[in-house]
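Peer 1: Before I ask anything, here is the structure I am working with.
Written out as structure tokens, the structure is:
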């Protein structure tokens with residue numbers, strides 16, 4: 004599907020979002036949830052434990068604008084949405100622990116925190132390791148390239164054809180897409196700052212992330228000498244690799260997930276979600292279309 008068609012599709016389906024979220028989200032998460040594995044921290048009592056404690060600890064990766072700290076304060080799209088949800092379900096305080104992106108799910112399953120609030124894309128491999136909330140948002144992929152984009156890099160096929168070095172963050176969907184497409188010159192980095200430095204130093208030509216992340220990075224680095232390409236939806240083996248993000252929980256924490264989804268749906272429906280996320284570069288275009296569900300994303304190959 005062309006990028007213009009995708010954008011039009013998202014806009015046309017927004018009117019159906021309210022009813023679809025209410026009807027489908029509980030069934031969606033049930034379909035994607037498996038029984039807790041041996042040794043899992045999930046046990047069905049996490050919600051009550053958090054209410055009793057009055058505090059939930061979330062995992063973040065320090066990625067702007069999804070989940071990071073500023074002046075010692077936890078913020079970002081995902082943490083701010085999580086704060087509103089947890090306030091509504093009786094957990095007024097949200098604390099955080101920052102780890103590398105590829106350690107978010109292992110840390111969750113090891114009990115280091117209760118949930119991941121890091122704008123994590125919903126993909127089958129991750130669904131096997133943990134369970135996701137209902138879809139929180141959708142976004143496109145883009146590249147950060149030298150101003151003027153002299154190599155004309157606009158998608159992953161261009162990267163492969165030109166043989167330029169591609170910078171990605173370790174454990175991200177961009178890394179997985181690049182590897183699935185057989186791109187040889189992939190450099191992985193642990194954080195956004197390292198990736199920007201590699202681009203500025205010429206060690207990599209393009210850096211792949213969501214377009215929202217890259218816009219935020221340019222705001223933080225206005226004199227970087229870099230620019231953002233137009234957003235697109237990557238395609239692997241003829242299938243769109245939709246960037247749809249959600250919150251991540253341990254398997255077995257069904258009561259917590261169901262309560263979280265109910266309040267997340269309310270935020271989407273009553274307009275509060277847009278008010279919360281707009282300062283982080285999100286717009287109505289990032290609302291998930293009705294047919295982009297956790298169940299569909301977990302089942303995709």
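Residue numbers (this note's numbering): 4 to 304. No residue lacks a Cβ here, since even glycine has one placed at the ideal position from N, Cα and C. None of these values were measured; they are calculated from a predicted model.
If you check the beta carbons only, do residue 97 and residue 86 fall under 7 Å apart?
Peer 2: On the chain shown, position 94 is the one that residue 97 refers to. On the chain shown, position 83 is the one that residue 86 refers to. Yes.
Peer 1: Nearest to residue 128 by CA position, among 175, 290 and 189, is which residue?
Peer 2: The count along the chain shown starts at 1 and reaches residue 128 at position 125. For the residues 175, 290 and 189, the minimum Cα distance to residue 128 belongs to 175.
Peer 1: Roughly how many angstroms separate the alpha carbons of residue 228 and residue 149, rounded to a whole number?
Peer 2: Stepping through the chain shown from its first residue, residue 228 is reached at position 225. Stepping through the chain shown from its first residue, residue 149 is reached at position 146. Near 6 Å, if we compare the C-alpha coordinates of residue 149 and residue 228.
Peer 1: Using C-beta distances below 8 Å, list every residue in its chain close to residue 152, excluding the 5 sequence neighbours before and after it, in chain order.
Peer 2: Position 149 of the chain shown holds residue 152. Hits under 8 Å: 230 and 232.
Peer 1: Can you tell me which of 135, 266 and 204 puts its alpha carbon nearest to the alpha carbon of residue 301?
Peer 2: Counted from its first residue, the chain shown places residue 301 at position 298. If we check each option's Cα against that of residue 301, 135 comes out closest.
Peer 1: Bridge partners of residue 96, per DSSP?
Peer 2: Position 93 of the chain shown holds residue 96. Partner(s): 58.
Peer 1: Do you know how far the Cα of residue 252 is from the Cα of residue 112?
Peer 2: Locating residue 112 in the chain shown gives position 109, where the first residue counts as 1. Locating residue 252 in the chain shown gives position 249, where the first residue counts as 1. In a straight line, the C-alpha of residue 112 is about 8 Å away from that of residue 252.
Peer 1: Going by other Cβ atoms of all chains shown within 10 Å of its Cβ, with 16 needed for buried, is residue 244 buried or exposed?
Peer 2: The sequence position of residue 244 within the chain shown is 241, counting from 1. Buried, since its Cβ has 16 or more Cβ neighbours within 10 Å.
Peer 1: Can residue 247 and residue 126 be called in contact, C-beta distance under 7 Å?
Peer 2: On the chain shown, residue 247 is found 244 positions in, with the first residue counted as 1. On the chain shown, residue 126 is found 123 positions in, with the first residue counted as 1. For residue 247 and residue 126, no; Cβs fall outside 7 Å.
Peer 1: State the Cα-Cα distance for the pair residue 130 and residue 204, rounded to the nearest angstrom.
Peer 2: For the purposes of this step, residue 130 is taken as residue 127 along the chain shown, with counting starting at 1. For the purposes of this step, residue 204 is taken as residue 201 along the chain shown, with counting starting at 1. Going from the Cα of residue 130 to the Cα of residue 204 covers about 36 Å.
Peer 1: If you follow the alpha helix (DSSP H) that residue 82 is in, where does it begin and where does it stop?
Peer 2: Position 79 of the chain shown holds residue 82. Start and end: 80-91.
Peer 1: Fully enclosed by the segment 263-294, which alpha helix (DSSP H) runs are 4 residues long or longer?
Peer 2: DSSP runs (the alpha helix (DSSP H)) wholly in the segment 263-294: 275-280.
Peer 1: For the alpha helix (DSSP H) containing residue 159, list its first residue and its last residue.
Peer 2: Within the chain shown, residue 159 is the residue found at index 156, counting from 1. That run of the alpha helix (DSSP H) goes 159-165.
Peer 1: Rank 215, 212, 139 and 258 by C-alpha distance to the C-alpha of residue 269 and give the top, closest one.
Peer 2: Numbered from 1 along the chain shown, position 266 holds the residue referred to as residue 269. Among 215, 212, 139 and 258, the Cα nearest to that of residue 269 belongs to 139.
Peer 1: With residue 188 and residue 167 assumed to form a contact (beta carbons below 8 Å), what rounded beta-carbon distance in angstroms separates them?
Peer 2: Here the question's residue 188 lines up with position 185 in the chain shown. Here the question's residue 167 lines up with position 164 in the chain shown. Between residue 167 and residue 188 the Cβ distance is about 7 Å, and since that is below 8 Å, they are a contact.
Peer 1: With the cut-off set at 7 Å, would you say residue 213 and residue 142 are in Cβ contact?
Peer 2: Locating residue 213 in the chain shown gives position 210, where the first residue counts as 1. Locating residue 142 in the chain shown gives position 139, where the first residue counts as 1. Yes, the pair counts as a contact, with Cβ atoms nearer than the cut-off.
Peer 1: Quick one: measure Cβ to Cβ for residue 266 and residue 92, integer angstroms, because I've assumed they're closer than 8 Å.
Peer 2: Translated into positions along the chain shown, residue 266 becomes position 263. Translated into positions along the chain shown, residue 92 becomes position 89. The pair is a contact, with the Cβ atoms about 6 Å apart (cut-off 8 Å).
Peer 1: Determine the direct distance from the alpha carbon of residue 57 to that of residue 180, and round the result to whole angstroms.
Peer 2: Locating residue 180 in the chain shown gives position 177, counting from the first residue. Locating residue 57 in the chain shown gives position 54, counting from the first residue. So the two alpha carbons sit approximately 40 Å from each other.
Peer 1: Inspect the beta-carbon positions of residue 61 and residue 133 and report whether they are closer than 7 Å.
Peer 2: Here residue 61 refers to the residue found at position 58 when the chain shown is read from its first residue. Here residue 133 refers to the residue found at position 130 when the chain shown is read from its first residue. Cβ distance not < 7 Å, so residue 61 and residue 133 don't count as in contact.
Peer 1: Of the choices 286, 255, 122 and 201, whose alpha-carbon is the least far from that of residue 147?
Peer 2: Position 144 of the chain shown, counted from the start, is the residue given in the question as residue 147. Considering only alpha carbons, the answer is 201.
Peer 1: What would DSSP say about residue 296, mapped onto helix, strand or coil?
Peer 2: The residue given as residue 296 occupies position 293 in the chain shown. Residue 296: coil per DSSP, three-state reduction.
Peer 1: Pick from 50, 273, 68 and 238: whose alpha carbon is nearest that of residue 161?
Peer 2: Residue 161 sits at position 158 when you count from the first residue of the chain shown. Nearest option by C-alpha distance: 238.
Peer 1: Near residue 26, which residues of its chain fall below 7 Å by C-beta distance, leaving aside the five closest residues on each side in sequence?
Peer 2: The residue labelled residue 26 in the question sits at position 23 within the chain shown. Residue placement at residue 26 is poorly supported in this model, since its pLDDT is 38, which falls under 50; the coordinates still yield a value, given next. Closer than 7 Å at the Cβ level, and outside the excluded window around residue 26, lies no residue.
Peer 1: Classify residue 51 as buried or exposed, calling it buried when 16 or more other Cβ atoms lie within 10 Å of its own Cβ.
Peer 2: The residue you call residue 51 lines up with position 48 of the chain shown. With fewer than 16 Cβ atoms within 10 Å of its Cβ, residue 51 is classed as exposed.
Peer 1: Evaluate residue 282 with the Cβ neighbour count: other Cβ atoms within 10 Å of its Cβ, from every protein chain shown; 16 or more gives buried, anything less gives exposed.
Peer 2: Along the chain shown, one-based indexing puts residue 282 at 279. Classification of residue 282: exposed, given that the 10 Å Cβ count is below 16.
Peer 1: I'd like the span of the beta strand (DSSP E) that includes residue 119, first residue to last.
Peer 2: Residue numbering aside, residue 119 sits at position 116 when the chain shown is read from its first letter. 118-124 is the span of the beta strand (DSSP E), which, as asked, contains residue 119.
Peer 1: Please say whether residue 82 and residue 70 have beta carbons closer to each other than 7 Å?
Peer 2: On the chain shown, position 67 is the one that residue 70 refers to. On the chain shown, position 79 is the one that residue 82 refers to. Taking 7 Å as the Cβ cut-off, residue 70 and residue 82 qualify as a contacting pair.
Peer 1: Compare the C-alpha of residue 67 against each of 274, 115, 284 and 89 and name the closest.
Peer 2: Walking along the chain shown from the start, residue 67 turns up at place 64. If we check each option's Cα against that of residue 67, 284 comes out closest.
Peer 1: Taking only runs that begin and end inside the segment 170-226, name each unbroken alpha helix (DSSP H) of 4 or more residues, in chain order.
Peer 2: For the segment 170-226, whole alpha helix (DSSP H) runs of length 4 or above, ordered along the chain, are 176-183, 195-204 and 214-223.
Peer 1: Hey, could you find the ends of the beta strand (DSSP E) residue 249 is sitting in?
Peer 2: For the purposes of this step, residue 249 is identified with residue 246 of the chain shown, where counting begins at 1. 246-252 is the extent of the beta strand (DSSP E) around residue 249.
Peer 1: Identify the residues that DSSP records as bridge partners of residue 111: which are they?
Peer 2: Sequence index remark: in the chain shown, residue 111 carries index 108 (1-based). Paired residue(s): none; residue 111 is not in a bridge.
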